[in-house]
Each structure stands twice: as structure tokens, then as C-alpha cells.
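Heads up, the thing below is written out as C-alpha cells.
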Amino acid sequence: MIFFTPVFTSIDLDLILIAMSIMFFAGFVKGAVGFALPMLAVSGIGSMLPAPVAVAAVMLPAMLTNVWQAFRDGPRAAWDSFWAFRLYVLLIICVMGLVAPLVSILSTEVLFVILGLGVTFFAIVQLAGWRPGPVIGASRIAAVISGVLAGIFGGLAAVTGPPVVLYLLAREVPKVEMVRVQGVIFLLGLLVVISVHGSTGVLNATTLPLSVMLIAPAFGGMAVGLLVQDRLEQETFRKVTLLVLIVAGLNLLRRGLLG
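Taking my numbering as reference, the numbering of the sequence shown is continuous, increasing by one, and the terminal residue is 331.
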């Protein structure tokens, strides 16, 4: 059954409903652990739709949930988080802006392989328990490497989280501050990427309405995730999330290599 509107003329209604369910789950995970919405959503939606469509669909839900995450403790706290990491944030934003146009140039297969490798690698690293220590966290080289990697994957699919999480862990940033900093970084980066994709055609008459439709499921999932955030055994939930991400990353690789 096809969902006929002026903008949806070729997307099956069943696929839209599945995409909404995927976005709800991705929002839940984001609410519970502070990241992973784009990784889960792009992987899941990308299993059904072309990579550029999946990337575009994630844009608005990711941006608006990051507004919530960044400003949950008020504008002053968000500003303080930005200022404390301003050079790191600006590096990520600049790289994201430079890389984002590649989404409209690279083939779907290449995009899936790049994203699959990145998601799988970072999830395995974190699941294995490796966390960079404070010596690495204090290194400017580590900040640059993390910022560039976050910018590359953020520009391709809003998947900024893993390099940022590892860097903030190395800096020994407290949990609440860490979640807020992630929200600020993801929000500002996505604002840049969305402005770029408005001109590249990735956000268009079909993908923009789809992205709008996925906002409500993302918010609903995130609200539930926030409610249970402090009640969950965080380490167990984190490991389960990482296992899901590994499966998601391998699925992206499968799509990129086998179609």
C-alpha cells in the first residue's frame, strides 16, 4: 500500500510505520544513555531505504532531540558547556560542514560501508571496555583526532557520538555534564549539516516531510528513555546498546558490500 500525498508518492506506508518504530527505539536509547539515535536510526531506516534518504530522515529528529538534551538544565548550563569545549566543538562543526556535501556525491554502497565500519569499530572498542585515560584526554592531538573523526561521521550521517563519547570519557567529564556537552555538539553540528543539505538536495520534497514525521516518535522515545535513565543499571544497558550498535553496523556493512 502506497501512502499518497503531494510529497510521498513512492514510500510504502508500511515502511513509514517501521521507520517511526525504529525512531522511537532510537529516541529511547538516546534518552537513556545520551547518544546513539543517529546510529540506530540510520542503520535501521537504511535497511529499507537508500542511504541519503535515511540520513535526511534523521536530520530533524536528531536536531530537535539535541535541543532538548542541550538545554535540559537551562541556557546558562548549555552555554557554559559550549564555552568549556569551544575549540573542540568548532573543530567538529567545521569538519561536518566540509564533509556533509559528500552524502549527495558518494554512492549508497560506499556510504553504507564507511558508516558500517565506523559504527562497528567504535561499538566494539567501547564494548571491550577500552576507555582512554586522562593522559590521552589532556592531549591536544587526541582532541584533534577525535574532533576530525566526529566531524567526518557526523557530516556523513549525524553519527557524531562515538568519538565524542570516548574523548569526554578521557577528559573524565561528569555524567550530567557529559550528556549536556554531547547535546550541544550534536545540535550545533546538525544545524550546519541541515543548512548544507538544504542546498545539496538531500533534504527535498520527499525526505523533509519524512524527517518531520519522525520527530514525534523520537521525542516519545526520548521521554521514556529519560524517565528510566536513573532507574536502569547503566552498565548493563550500555552493553546491550553497544551490542545493538554492532549488529546495526554489521548490517550497514552487509548492505554496502552485498546490496
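We put the CB at the ideal spot given by N, CA and C, even for glycine. Remember, it's a predicted structure, so these values are computed and weren't measured experimentally.
Residue from S115, M120 and G233 whose Cα sits closest to the Cα of R86: Position 14 of the sequence shown, counted from the start, is the residue given in the question as residue 86. At residue 86 the sequence reads Asp, which differs from the Arg that was named. Comparing Cα-Cα distances from D86 to each of S115, M120 and G233, the minimum goes to M120.
Exposure label - P206; buried when at least 16 CB within 10 Å: Counting from one through the sequence shown, the residue named residue 206 turns up at place 134. The residue is exposed, with fewer than 16 neighbouring Cβ atoms inside 10 Å.
Strand pairing of D86, partner residues [DSSP]: Locating residue 86 in the sequence shown gives position 14, counting from the first residue. Its beta-bridge partners do not exist; DSSP assigns none.
Close Cβ partners of S93 (< 8 Å) along its chain, the five nearest in sequence each way excluded: Here residue 93 refers to the residue found at position 21 when the sequence shown is read from its first residue. Taken in chain order, the residues that qualify are P289.
Nearest-angstrom Cβ-Cβ length linking G116 and G297, presumed shorter than 8 Å: Walking along the sequence shown from the start, residue 116 turns up at place 44. Walking along the sequence shown from the start, residue 297 turns up at place 225. With a Cβ gap of about 16 Å, G116 and G297 do not count as contacting.
Three-way DSSP call (helix, strand, coil) for R327 in this model: As a first step, residue 327 must be located in the sequence shown, where it is residue number 255. Residue state, collapsed to three classes: helix.
Buried or exposed (CB count within 10 angstroms, at least 16 for buried), I177: Looking up residue 177 in the sequence shown gives position 105. Classification for I177: exposed.
Integer-rounded CB distance, given that I224 should sit under 8 Å from V335: Nothing about residue 335 can be reported from this structure: the residues present for the chain run from 73 to 331 only.
Local Cβ density within 10 Å of A252, reported as buried at 16 or more and exposed below that: In the sequence shown, the residue the question calls residue 252 occupies position 180. Residue identity differs from the one stated: residue 252 is Arg in this sequence, not Ala. By the 10 Å Cβ count, R252 comes out buried.
Cβ-Cβ distance between A91 and V101 below 7 Å: Within the sequence shown, the letter at position 19 stands for residue 91. Within the sequence shown, the letter at position 29 stands for residue 101. Taking 7 Å as the Cβ cut-off, A91 and V101 do not qualify as a contacting pair.
Classification of G339 by the beta-carbon crowding that lies within 10 angstroms, buried from 16 upward: No information on residue 339 is available, as it lies outside the stretch 73 to 331 that the chain covers here.
First through last residue of the alpha helix (DSSP H) which encompasses F143: In the sequence shown, residue 143 corresponds to position 71, counting from 1. Here the alpha helix (DSSP H) through F143 covers A123 to F143.
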